[in-house]
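Below: one structure, written as structure tokens.
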Amino acid sequence: MWDIPVERKLQKDIADAAYGEVLVAGYGLGLVQKYLLENPNVKLVVTTEKTPKVIKECTRVYGKIYGDVIIGDFFTYPEDNQFDCVIGDIWADILPECLGEYKKFKAKAVGLVKEGGKILAWGQDYFEFLLGKERMA
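Letter by letter, the sequence shown follows residues -3 to 133 of our numbering.
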């Protein structure tokens, strides 16, 4: 995640597609959380962040944290909590080498999202393209 215009647009597009109660995997720079809170269709934003230093540094640099933050690993989050949307951005880049991390996120997110809810992710279109190629091979 970089604080550059194209990243801001990607995060805003994800936030604009969300609604209801949203769980975000990873805080990053807090951009998607900020945009989620600006979306009138979003009622609640909860983020799991496993590195307390990320929250401390974002607070120092940006002066605030957006939404509710739970310090902990997304992959150990209890699946009895059901969200309307689950958003992921916990891989280093949008590259074929990161597909495994996307798959792991998606498998966990399925157990956290309500029936009919949305799973959204940074680089999702590209990763889904790669998954389609895998299925065809």
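Glycine included, each C-beta is placed from N, C-alpha and C at the ideal position.
Problem - For isoleucine 51, three-class secondary structure by DSSP - result: Taking the first residue of the sequence shown as 1, we reach residue 51 at position 55. Looking at isoleucine 51 - three-state DSSP - the assignment turns out to be helix.
Handout entry: Contact the region 52 to 60 vs the region 77 to 89: 3+ CB pairs below 8 Å
Key = no
Practice task
Could you say which of Ile51, Leu25, Glu45 lies nearest to glutamine 7 if we only look at CA atoms?
Solution key: As a position in the sequence shown, residue 7 is number 11, starting the count at 1. For the residues Ile51, Leu25, Glu45, the minimum Cα distance to glutamine 7 belongs to Leu25.
Handout entry: When Thr72, Gln29, Asn37 are compared against lysine 46, the one with the closest alpha-carbon
Key = Sequence index remark: in the sequence shown, residue 46 carries index 50 (1-based). That would be Thr72, whose Cα lies nearest to the Cα of lysine 46.
Problem - Start-end ranges of the alpha helix (DSSP H) lying completely within the region 13 to 73, minimum 4 residues - result: 27 to 34, 48 to 58
Practice task
Grab the span of the beta strand (DSSP E) containing leucine 126 for me, first residue to last.
Solution key: Locating residue 126 in the sequence shown gives position 130, where the first residue counts as 1. Looking at the DSSP string, leucine 126 is not in any beta strand (DSSP E); the run it does join, the alpha helix (DSSP H), is 120 to 132.
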